[in-house]
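To start, the structure itself, in structure tokens.
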């Protein structure tokens, strides 16, 4: 083969070959793992602004400081408004607790409750990686997106089934429909504004949700100020929950 | 009402503000809350406690109580060092008197050189136990109001060490040790725990084992009964939680009053326990139920004697005019009345509904405490509403029900509505 042709073919390979080479189409599990990695890459902290919007347009805002470690440890700390300041939640796997400074001791809560009211519940705010809680039951393609059909691994998971639309190129979700075991649609999550939210992490910065159970109400979660940060396991314990505010 | 109009105008959900000013943390933080409370007392002139409180007064059919309070909080954080302060300032106006109450509820410093270890010194709130309405294992807890969980409670002066360890394998996920030393100093620190110079010790070991919270508690002091406690909490299912407490106290002074006003002082080992559950249904209705056995409580016969004595004392005062009779009655009934519930067995039920009719931040509830010896009870419907950011409105009505010589039948109020508003800043 003439030398120039070999060089041209090599250049074409380098430009157009996918990372890792042609290893075959991604499986549903691989797509879900990558979605998790893109949304919440490793140990991190970030801020979340939750806005509950009522049908008449009135809104109530909450700002949370969010900590994540490994796949199953989450802490959130309310930073505003003043009425919520100091409240904290801890999630370890399927266990969740709420700490209210006035009460002075953590109480167990469930994923279907909501510490902020509105459409978001605790499962949405303290979400673990999807691959921890769901198996991929089916994978289809919908134009430039994958459509994942996810089934909860256990009855402890907030939603029995998810339908997740994932951008093929960026491997981030655009839409998730959350269903109960009865097949009833509980809520829909819309992912928007893909951008760098901190430390080079490019992901949807906005998640909007609406629910047929809350007609006319809407809740928005904005993620920002992400920093990769690894903290000791002991930070994610009940004994530490009252002091987690000192780590900000 | 002006505060209720302070709402933001209509918002286009498509316009997003990605700035979060709160992400800039200051080493200093200040805040607080203001509260205004009104309580109406519709009095029961025939009840034992009414007679004890008002035998020399004539308050009429009802009285009014007003409370205004400000609580101020501040904190400072620098590296491994933190300082926290919470002060309480309250003006109380009742039928008996008007008074100002000024207290430091919390004032302590903490050192956390490593995440596993924290050292505390100062006045800090302690609330141990898993129960909602009662905490038999909460030997150091201040009395709480189970239907007003946002109430701040005064702390205890202590030196404390907290050790935590996490495990990544096995069924034991976390273990924590808390060691507290509570000295009694002059007339300003822990005076209710003993005499000047006494040093009280409290220990707690926490385990998260098989997704179950477990606490083992020990408390002792020169003027305190040696006390052992245990509590647990676990989710049986996503929406069902169970919890319980056990408390064993040795050699506890116990006073029993007979119908003639003779007191019998004994010392006894007391066993108290609680078992409860919380259930959340698909309609977002929460049910909390608890059974409580009070180790220091009085049985039905002792409670009847207790009220019969007070009835006799009151009639004697009426016929002789001798106030000493009622003064003595006030003093010797104190061991009963200083307990929030002095019977032996109780049942608590609370049903609350989250945001009915889609009214955001509105939570109505109804609660009942039943004395299982005499079946008298207190019924308490109420509601909490937070219509505007940082404003919370609360309302409840206490309705004690029961015949004469029963726990709730002898409460001073027939009917006790209460309303309070809080503003946080």
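Chains as they are written, first to last, in my numbering: chain A, -3 to 244; chain B, 1009 to 1433. We put the CB at the ideal spot given by N, CA and C, even for glycine. All values derive from a computational prediction rather than experimental measurement.
Residues that residue i contacts on chain A, provided the C-beta gap is smaller than 7 Å
{"i": "residue 1023 (chain B)", "result": "None at all; the shortest Cβ gap to chain A is about 10 Å."}
{"i": "residue 1033 (chain B)", "result": "244"}
{"i": "residue 1300 (chain B)", "result": "Neighbours of residue 1300 (chain B) on chain A: none; closest Cβ ~17 Å, over 7 Å."}
{"i": "residue 1172 (chain B)", "result": "230, 233, 235 and 236"}
{"i": "residue 1085 (chain B)", "result": "242"}
Option in the options with minimal Cα separation from residue i
{"i": "residue 1412 (chain B)", "options": "B:1318, B:1397 and B:1363", "result": "B:1318"}
{"i": "residue 1135 (chain B)", "options": "B:1159, B:1120 and B:1119", "result": "B:1159"}
{"i": "residue 110 (chain A)", "options": "A:226, A:48 and A:43", "result": "A:48"}
{"i": "residue 216 (chain A)", "options": "A:25, A:120 and A:175", "result": "A:120"}
{"i": "residue 1131 (chain B)", "options": "B:1183, B:1162 and B:1101", "result": "B:1162"}
{"i": "residue 1208 (chain B)", "options": "B:1225, B:1188 and B:1220", "result": "B:1188"}
{"i": "residue 203 (chain A)", "options": "A:210, A:189, A:213 and A:138", "result": "A:189"}
{"i": "residue 146 (chain A)", "options": "A:138, A:228, A:156 and A:43", "result": "A:156"}
{"i": "residue 1336 (chain B)", "options": "B:1053, B:1368 and B:1269", "result": "B:1269"}
{"i": "residue 1304 (chain B)", "options": "B:1256, B:1323 and B:1339", "result": "B:1256"}
{"i": "residue 34 (chain A)", "options": "A:87, A:90 and A:191", "result": "A:191"}
{"i": "residue 1110 (chain B)", "options": "B:1424, B:1201, B:1176 and B:1095", "result": "B:1095"}
{"i": "residue 27 (chain A)", "options": "A:141, A:207 and A:201", "result": "A:141"}
{"i": "residue 1267 (chain B)", "options": "B:1312, B:1328, B:1427 and B:1029", "result": "B:1312"}
Opposing strand residues paired with residue i [DSSP bridges]
{"i": "residue 1213 (chain B)", "result": "B:1185 and B:1224"}
{"i": "residue 160 (chain A)", "result": "A:144 and A:172"}
{"i": "residue 126 (chain A)", "result": "Answer is none; residue 126 (chain A) lacks a bridge partner."}
{"i": "residue 1425 (chain B)", "result": "B:1405"}
{"i": "residue 1337 (chain B)", "result": "None, per the DSSP bridge assignment."}
{"i": "residue 1234 (chain B)", "result": "According to DSSP, residue 1234 (chain B) bridges with nothing at all."}
{"i": "residue 1242 (chain B)", "result": "B:1220 and B:1250"}
{"i": "residue 1257 (chain B)", "result": "B:1235 and B:1278"}
{"i": "residue 1059 (chain B)", "result": "DSSP output for residue 1059 (chain B) lists no bridge partner at all."}
{"i": "residue 1388 (chain B)", "result": "B:1375"}
{"i": "residue 203 (chain A)", "result": "A:187 and A:217"}
{"i": "residue 47 (chain A)", "result": "A:57 and A:216"}
{"i": "residue 1115 (chain B)", "result": "B:1093 and B:1131"}
{"i": "residue 1198 (chain B)", "result": "Per DSSP, none; premise fails for residue 1198 (chain B)."}
{"i": "residue 1136 (chain B)", "result": "None; residue 1136 (chain B) has no bridge partner."}
{"i": "residue 1100 (chain B)", "result": "B:1075 and B:1107"}
Listed by chain order, chain A residues near residue i by CB distance under 9 Å
{"i": "residue 1028 (chain B)", "result": "43, 44, 45, 59, 75, 218, 220 and 221"}
{"i": "residue 1249 (chain B)", "result": "103, 104, 105 and 106"}
{"i": "residue 1126 (chain B)", "result": "235, 236 and 239"}
Chain-ordered neighbours of residue i on chain B, where CB pairs are closer than 7 Å
{"i": "residue 138 (chain A)", "result": "Correct list: empty, because the minimum Cβ distance to chain B is about 24 Å."}
{"i": "residue 34 (chain A)", "result": "Simply none; closest approach about 19 Å."}
{"i": "residue 81 (chain A)", "result": "1039"}
{"i": "residue 78 (chain A)", "result": "1039, 1398, 1432 and 1433"}
{"i": "residue 202 (chain A)", "result": "1024"}
Integer Cβ distance of residue i from residue j, believed to fall under 8 Å
{"i": "residue 1407 (chain B)", "j": "residue 1386 (chain B)", "result": "7 Å"}
{"i": "residue 59 (chain A)", "j": "residue 75 (chain A)", "result": "4 Å"}
{"i": "residue 172 (chain A)", "j": "residue 185 (chain A)", "result": "4 Å"}
{"i": "residue 240 (chain A)", "j": "residue 71 (chain A)", "result": "6 Å"}
{"i": "residue 1355 (chain B)", "j": "residue 1380 (chain B)", "result": "6 Å"}
{"i": "residue 1033 (chain B)", "j": "residue 244 (chain A)", "result": "5 Å"}
{"i": "residue 1389 (chain B)", "j": "residue 1405 (chain B)", "result": "6 Å"}
{"i": "residue 90 (chain A)", "j": "residue 1219 (chain B)", "result": "7 Å"}
{"i": "residue 174 (chain A)", "j": "residue 163 (chain A)", "result": "Not a contact, Cβ separation roughly 19 Å."}
{"i": "residue 126 (chain A)", "j": "residue 31 (chain A)", "result": "6 Å"}
{"i": "residue 205 (chain A)", "j": "residue 183 (chain A)", "result": "5 Å"}
Contact list for residue i against chain A, beta-carbon separation under 8 Å
{"i": "residue 1288 (chain B)", "result": "106, 108 and 109"}
{"i": "residue 1369 (chain B)", "result": "56 and 113"}
{"i": "residue 1184 (chain B)", "result": "233, 234 and 235"}
{"i": "residue 1136 (chain B)", "result": "101"}
CB contact below 8 Å: residue i versus chain D
{"i": "residue 1366 (chain B)", "result": "Structure shown: chain D not included; protein chains present are A and B."}
Per-residue contacts from residue i into chain B (C-beta, under 8 Å)
{"i": "residue 129 (chain A)", "result": "The premise fails here: residue 129 (chain A) is roughly 12 Å from chain B at the closest Cβ pair, so nothing lies under 8 Å."}
{"i": "residue 48 (chain A)", "result": "1368"}
{"i": "residue 96 (chain A)", "result": "1157 and 1158"}
Within chain B, partners of residue i - CB distance below 9 Å
{"i": "residue 90 (chain A)", "result": "1219, 1243 and 1246"}
{"i": "residue 151 (chain A)", "result": "1245 and 1246"}
key: Cβ contact check for the region 1070 to 1077 of chain B and the region 113 to 130 of chain A: 3 or more pairs under 8 Å   = no
Sufficient close CB pairs (3 or more, under 8 Å) joining the region 1337 to 1356 of chain B to the region 32 to 39 of chain A = no
message = Is it the case that the region 76 to 89 of chain A contacts the region 129 to 143 of chain A, given that we only count it when at least three CB pairs across the two stretches are under 8 Å?
response = no
inquiry  = Can you confirm whether the region 1223 to 1237 of chain B touches the region 1198 to 1212 of chain B when touching is taken to mean that 3 or more C-beta pairs between the two stretches lie within less than 8 Å?
reply    = Yes, the region 1198 to 1212 of chain B is in contact with the region 1223 to 1237 of chain B.
ask   = Three or more C-beta pairs closer than 8 Å, one from the region 1384 to 1402 of chain B and one from the region 1364 to 1373 of chain B: is that the case here?
value = yes
task = For the region 161 to 170 of chain A and the region 52 to 66 of chain A, state whether three or more C-beta atom pairs, one from each stretch, are separated by less than 8 Å.
result = Segment contact: the region 161 to 170 of chain A against the region 52 to 66 of chain A, fewer than three CB-CB distances shorter than 8 Å; contact not assigned.
ask   = Counting pairs of Cβ atoms below 8 Å between the region 1098 to 1107 of chain B and the region 1144 to 1155 of chain B, do you hit three or more?
value = no
request  = Examine the Cβ distances between the region 1055 to 1063 of chain B and the region 1080 to 1089 of chain B and report whether three or more of them are shorter than 8 Å.
outcome  = Contact fails: fewer than three Cβ-Cβ distances are below 8 Å.
inquiry  = Between the region 1034 to 1047 of chain B and the region 219 to 235 of chain A, can you find at least three pairs of beta-carbon atoms closer than 8 Å?
reply    = Contact between the region 219 to 235 of chain A and the region 1034 to 1047 of chain B is absent: fewer than three C-beta pairs spanning the two stretches fall below 8 Å.
inquiry  = With three or more beta-carbon pairs closer than 8 Å as the criterion, would you say the region 1122 to 1129 of chain B touches the region 1168 to 1176 of chain B?
reply    = yes
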